[in-house]
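Participant: One structure, as structure tokens, below. Some questions next.
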Amino acid sequence: MTKEIKELDLMIIGGGPAGLTAAIYAARAKMNMVLLESQMLGGQVRTSFTIENYPGFKTVKGDELSDLMAEQAKELGAIMEKFSQITNVTLSDDEKVVETKKYTYKPKALIISTGATPKKLPIPNEEKFSSKGVHYCAVCDGAIYEGSVVAVVGGGNSALEEALFLTKFASKVIMIRRKDFFKGEKSTIDEVLNHPKVEVMYNWDLVNVDGEQFVEKAFVKNTQTGEEKEIAVSAVFGYIGTEPKTELFKEYLKLTTGGYIIADENMQTNIKGVYAAGDVREKVFRQITTAVSDGTIAALAAEKYIVERKRSS
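Residue 238 in full-length UniProt numbering is what sits at position 238 of the sequence shown, and the numbering runs on without skipping anything.
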């Protein structure tokens, strides 16, 4: 069957803070637009238990903030399609084509805000114990380990925040840090170091996990001495960085060696009318506030591009 073709002013791919902000601005501008999200609206923010660095909220749960953003966009008239899988993309200066199972979309402009996903732990048994003791979302899976000893691998804000969250359930949280320092916010680092349930293993690296059906132990190696030992844990939670979701676009867009989209200060990529916003874009800082900023700029730039294109046609 031939798919129905939908002509649009703007398409936004990805429904995290960047995409939702862009949708708010697009809806306010009365654009003919749609936002496609392959999962739940909110992106990584939805999996954050508590957020304390977003202006206007002393503290707010991630799912609550996500819902507020989505509700605002919806009330303004934004069309948002959850659980919508894209099957193919074709991009050029002259035409943008985005295909799903049901439709072929032809937007005049496109904002890519697909975000990034956690990097998998580089250990031999990662796949074997995936969701059986190897996890990447404490909010999603932490409650499973009530009263257990768990480990967190990583040294940034995400690792620190998730370790603190896990103390709500676990009897003990072991932080496995391959260096002798953390690189998160000072207040968060202090809270972790002073928490009675947290033990920090500086200069140790996770090399594998094992068990019968579920993780029962972790193998670690000292990065200074080479010493190896095993520790009894019921789970390991990995926070060693993220990988951008750019597989659909790599044929057309300029990417860094790490796969992030290269865009200018107006979020413009190497293709006219295609913009990148949020964690998927190459930049120094990846925060909710910087994602919201990107989404704002991308939407305004896209609106300007669409108006100019209509005038010249």
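No residue lacks a Cβ here, since even glycine has one placed at the ideal position from N, Cα and C.
How is Met175 classed by DSSP in three states: helix, strand or coil?
Facilitator: Met175 falls in the strand class under three-state DSSP.
Participant: Which residues does DSSP pair with Thr256 in a beta bridge?
Facilitator: Answer by DSSP bridge pairing: none, since Thr256 is not bridged.
Participant: Considering only the alpha carbon of each residue, which of Ala302, Leu255, Tyr260 lies closest to Gly278?
Facilitator: Measuring from the Cα of Gly278, the nearest candidate turns out to be Tyr260.
Participant: Just to confirm the assignment, what range does the alpha helix (DSSP H) spanning Lys74 have?
Facilitator: That run of the alpha helix (DSSP H) goes 62 to 75.
Participant: What is the residue span of the beta strand (DSSP E) that Phe219 lies within?
Facilitator: Residues 217 to 222.
Participant: Note down the Cα distance separating Ile176 from Thr2, rounded to an integer number of angstroms.
Facilitator: C-alpha separation (whole angstroms): 53 Å.
Participant: Grab the span of the alpha helix (DSSP H) containing Pro17 for me, first residue to last.
Facilitator: Note, Pro17: alpha helix (DSSP H), 17 to 28.
Participant: Determine which residues share a DSSP beta bridge with Ser130 and list them.
Facilitator: For Ser130, which the question treats as bridged, DSSP gives the partners Val134.
Participant: Which residues in the same chain as Lys96 place their Cβ atom closer than 6 Å to its Cβ, once the five residues preceding and following it in sequence are excluded?
Facilitator: Around Lys96: Pro107, Leu110.
Participant: With 16 other CB atoms within 10 Å as the buried threshold, where does Thr188 fall?
Facilitator: Under this definition Thr188 is a buried residue.
Participant: From which residue to which residue does the beta strand (DSSP E) around Tyr202 run?
Facilitator: Unbroken beta strand (DSSP E) run through Tyr202: 198 to 202.
Participant: In terms of DSSP beta bridges, what is Asn208 paired with?
Facilitator: BP columns for Asn208 point to Phe219.
Participant: Would you tell me roughly how many angstroms separate the C-alpha atoms of Gly133 and Phe249, rounded to the nearest one?
Facilitator: Those two C-alpha atoms are separated by around 33 Å.
Participant: Taking the C-alpha atoms as reference points, what is the distance between Thr59 and Phe219?
Facilitator: When rounded, the distance between both Cα atoms is 37 Å.
Participant: With a threshold of 7 Å on Cβ separation, who are the neighbours of Asp141 within its own chain once the five nearest residues in sequence on each side are excluded?
Facilitator: Excluding positions up to five away in sequence, the list reads His135.
Participant: In the DSSP assignment, what residue or residues form a beta bridge with Asn88?
Facilitator: DSSP, once it has assigned bridges, lists Glu99 as partnering Asn88.
Participant: Go through its chain and collect everything with a Cβ distance to Glu199's Cβ below 6 Å, but skip five positions before and after it.
Facilitator: Only Ile174 meet the Cβ criterion.
Participant: Which same chain residues, not among the five before or five after Ser84, have their C-beta less than 7 Å away from its C-beta?
Facilitator: Same-chain partners within the cutoff: Leu36, Glu37, Ser38, Thr100.
Participant: Residues in its own chain within less than 6 Å of Ala299 by CB, not counting five upstream and five downstream?
Facilitator: Only Ala22, Tyr25, Ala26 meet the Cβ criterion.
Participant: For the alpha helix (DSSP H) that Glu162 lies in, which residues bound it at each end?
Facilitator: Segment 157 to 166, the alpha helix (DSSP H) holding Glu162.
Participant: For the alpha helix (DSSP H) containing Val192, list its first residue and its last residue.
Facilitator: Looking at the DSSP string, the run of the alpha helix (DSSP H) that includes Val192 is 186 to 193.
Participant: Return the chain-ordered list of same chain residues with a C-beta closer than 7 Å to the C-beta of Asn125, the five sequence neighbours on each side being excluded.
Facilitator: Same-chain partners within the cutoff: Asn208, Val209, Asp210.
Participant: For the structure I just gave you, are there three or more beta carbon pairs, one from the stretch 149 to 164 and one from the stretch 225 to 238, closer than 8 Å?
Facilitator: The answer is yes - the stretch 225 to 238 touches the stretch 149 to 164, with three or more Cβ pairs under 8 Å.
Participant: Counting only the same chain and skipping the five closest in sequence on each side, list residues whose C-beta sits under 8 Å from that of Lys217.
Facilitator: Around Lys217: Val209, Asp210, Gly211, Glu230, Ile231, Ala232, Val233.
Participant: Below 8 Å between beta carbons: does that hold for Ser148 and Ala163?
Facilitator: Contact: no.
Participant: Taking Cβ positions, are Lys245 and Gly42 nearer each other than 8 Å?
Facilitator: The answer is no: Cβ separation not under 8 Å.
Participant: Is Thr246 helix, strand or coil by DSSP?
Facilitator: DSSP places Thr246 in coil when its eight states are reduced to three.
Participant: Taking its Cβ as the centre, do 16 or more other Cβ atoms sit within 10 Å of residue 317, making it buried, or is it exposed?
Facilitator: Nothing can be reported for residue 317, as the shown portion of the chain is limited to 1 through 313.
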